[in-house]
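Visitor: Sequence positions in the sequence shown follow the numbering used here and run 388 to 711.
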Amino acid sequence: MSAMAHGLFASLLIGTIINTLGNLLGLPFLNQIGGYATAGTGAAMAIAIAYNLKAPPFVLYSSVAVGLAANSLGGAGGPLAVYFIVLIAVFFGKLVSKTTPVDLIVTPLVTILTGVSAAYLLAPPIGKAASSIGYAIMWATEQQPFIMGLIVSVIMGIVLTLPISSAAVAASFGLVGLAGGAAHAGCCAHMVGFAVASYRENKIGGLAAQGLGTSMLQMPNLLQKPILWLPAIAASAVNGPVASVVFKLKQNGPPISSGMGTSGLVGPIGVVSGWYTPSENALALGETAINPTAFDWLGLILISVVIPAIVALLVSELMRKKGL
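1. For the alpha helix (DSSP H) holding methionine 432, just list the boundary residues, first then last.
2. Pull the bridge partners of glycine 564 from the DSSP assignment, please.
3. Give the range of the alpha helix (DSSP H) segment to which glutamate 704 is assigned.
4. Whose CA, out of Leu547, Pro641, Ala572, Pro512, lies closest to the CA of methionine 535?
5. Following the continuous alpha helix (DSSP H) through valine 483, name the residue where it begins and the one where it ends.
6. Alanine 430 to leucine 455, Cα distance in whole Å?
7. Tell me the rounded alpha-carbon separation between glutamate 529 and serine 553.
8. I need the boundaries of the alpha helix (DSSP H) containing glycine 444, first residue and last residue.
9. Going by other Cβ atoms of all chains shown within 10 Å of its Cβ, with 16 needed for buried, is glycine 646 buried or exposed?
10. Starting from leucine 687, trace the alpha helix (DSSP H) both ways and give me its first and last residue.
11. State buried or exposed for lysine 590, treating a residue as buried only when at least 16 other CB atoms are found within 10 Å of its CB.
12. Would you decide whether asparagine 626 is buried or exposed? Buried here means 16 or more other CB atoms lie within 10 Å of its CB.
13. Would the stretch 580 to 599 and the stretch 489 to 500 be scored as touching if the rule is three or more Cβ pairs under 8 Å?
14. Restricting to Cα atoms, I'd like to know which of Ser703, Val579, Glu674 is closest to leucine 636.
15. What did DSSP end up calling lysine 612 once you bin it into helix, strand or coil?
16. If you follow the alpha helix (DSSP H) that asparagine 410 is in, where does it begin and where does it stop?
17. When burial is assigned at 16 or more other CB atoms within 10 Å of the CB, is glutamine 611 buried or exposed?
18. Determine the direct distance from the alpha carbon of glycine 464 to that of glutamine 717, and round the result to whole angstroms.
19. Kindly indicate the opening and closing residues of the alpha helix (DSSP H) around glycine 514.
20. Tell me, to the nearest whole angstrom, how far the beta carbon of serine 650 is from that of leucine 609; I am working on the premise that it is less than 8 Å.
21. Which stretch, first to last residue, makes up the alpha helix (DSSP H) that contains leucine 617?
22. Considering proline 655, what are the terminal residues of the alpha helix (DSSP H) in which it resides?
23. Taking DSSP as the reference, what is the three-state secondary structure of leucine 599?
24. Mapping the DSSP letters down to three states, classify methionine 647 as helix, strand or coil.
Rendered as structure tokens:
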């Protein structure tokens, strides 16, 4: 699972950061580079997984096609689909590797055929299962602001950390407005929360990788010890209602920004861009441009960084004292 997260980080997340720099600096060339990096997400995850499984060379190279297919067909569940389907492809690839005189043909053929066939069969259901989480989120958006902020924030934070695409879920269901702000709060809570809570172990490198990259890097640890999720979930549970009730924070930029958190600072930038130039999705819901006040800026800073850091740190330190 950690290998998949590394592949995701080296493609989608780095591409997102480069693309964000392109937007901030007005350099279209950086947007193109970011686009190329993002397009290779499925392949990068597949290679990382296959490499971690010590796949033979031809199996490793062939996993590129398998990863591209699984990520594309998996939709919101793309990363999870890539993980399971590459496991299948590598298994069958290893079975035939170096067993025939024409290994150059047989091994890639078997790896790609079994992997892509598995992608056609398994990736769409995985994607539908991941998207179904969005229906729970949409139900929550119809509740009063406190409940909505709490539920949306916690669910989106968890989705962000799981090997499914929170950005795809946010984009698919058009999360903008107060719901988008709550989603942003939850995603930031998990990224910043895990980064701060694990600072003792991971130092500055882990702080940057999780705070600006992805909290999915924690998945191997969470599978072994699920209680480690508590600081980030607590941060989400506090951050969401504060965003929706106290600051009434709205994310009216592109819906995808609602599911990015502090990854490449896409989430905060989405909030700011939505203030001045709301996206079509936001305009369709009656949202309008605003001139942000000092209170709005304070809310954005507190929700994106400060509150998650404080809550996660307090909970994690309490857990350390209790030996959890």
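Glycine included, each C-beta is placed from N, C-alpha and C at the ideal position.
Guide: This is what the structure gives:
1. Reading the sequence shown from its first residue, position 45 is the one you call residue 432. Element bounds for methionine 432: 428 to 439.
2. Your numbering for residue 564 matches position 177 in the sequence shown. According to DSSP, residue pairing for glycine 564 in a beta bridge involves Gln638.
3. The residue you call residue 704 lines up with position 317 of the sequence shown. That run of the alpha helix (DSSP H) goes 694 to 708.
4. As a position in the sequence shown, residue 535 is number 148, starting the count at 1. When the alpha-carbon of methionine 535 is set against those of Leu547, Pro641, Ala572, Pro512, the nearest one is in Ala572.
5. Along the sequence shown, one-based indexing puts residue 483 at 96. 465 to 483 is the extent of the alpha helix (DSSP H) around valine 483.
6. Taking the first residue of the sequence shown as 1, we reach residue 430 at position 43. Taking the first residue of the sequence shown as 1, we reach residue 455 at position 68. Straight-line Cα distance between these residues: approximately 5 Å.
7. Looking up residue 529 in the sequence shown gives position 142. Looking up residue 553 in the sequence shown gives position 166. Straight-line Cα distance between these residues: approximately 20 Å.
8. The residue you call residue 444 lines up with position 57 of the sequence shown. In the sequence as displayed, the identity of residue 444 is proline instead of glycine. Here the alpha helix (DSSP H) through proline 444 covers 444 to 461.
9. In the sequence shown, the residue the question calls residue 646 occupies position 259. Classification for glycine 646: buried.
10. Taking the sequence shown and counting its residues from 1, the one referred to as residue 687 is at position 300. Start and end: 681 to 688.
11. For the purposes of this step, residue 590 is taken as residue 203 along the sequence shown, with counting starting at 1. Exposed, because fewer than 16 other Cβ atoms sit within 10 Å of the Cβ of lysine 590.
12. In the sequence shown, the residue the question calls residue 626 occupies position 239. So asparagine 626 ends up on the buried side.
13. As far as the Cβ criterion goes, the stretch 580 to 599 does not touch the stretch 489 to 500, which means the pair count is below three.
14. The count along the sequence shown starts at 1 and reaches residue 636 at position 249. When only C-alpha atoms are compared, the closest one is Glu674.
15. By one-based count along the sequence shown, residue 612 stands at place 225. The answer is coil: DSSP assigns lysine 612 none of H, G, I, E or B.
16. Here residue 410 corresponds to residue number 23 of the sequence shown, with the count starting at 1. Its alpha helix (DSSP H) spans residues 401 to 412.
17. Numbered from its first residue, the sequence shown carries residue 611 at position 224. Counting every other CB atom within 10 Å of its CB across the protein chains shown gives glutamine 611 a total below 16, marking it as exposed.
18. Residue 717 falls outside the range modelled here, since the chain spans only 388 to 711, and no answer is possible.
19. Along the sequence shown, one-based indexing puts residue 514 at 127. DSSP places glycine 514 in the uninterrupted alpha helix (DSSP H) bounded by 490 to 528.
20. As a position in the sequence shown, residue 650 is number 263, starting the count at 1. As a position in the sequence shown, residue 609 is number 222, starting the count at 1. Contact check for serine 650 and leucine 609: beta-carbon distance about 18 Å, past the 8 Å limit, so the pair fails to qualify.
21. For this step, residue 617 is matched to residue 230 along the sequence shown. Segment 617 to 628, the alpha helix (DSSP H) holding leucine 617.
22. One-based indexing of the sequence shown puts residue 655 at position 268. Looking at the DSSP string, the run of the alpha helix (DSSP H) that includes proline 655 is 653 to 663.
23. Taking the first residue of the sequence shown as 1, we reach residue 599 at position 212. Residue state, collapsed to three classes: coil.
24. For the purposes of this step, residue 647 is identified with residue 260 of the sequence shown, where counting begins at 1. In the structure shown, methionine 647 sits in coil (DSSP, three-state: anything other than H, G, I, E or B).
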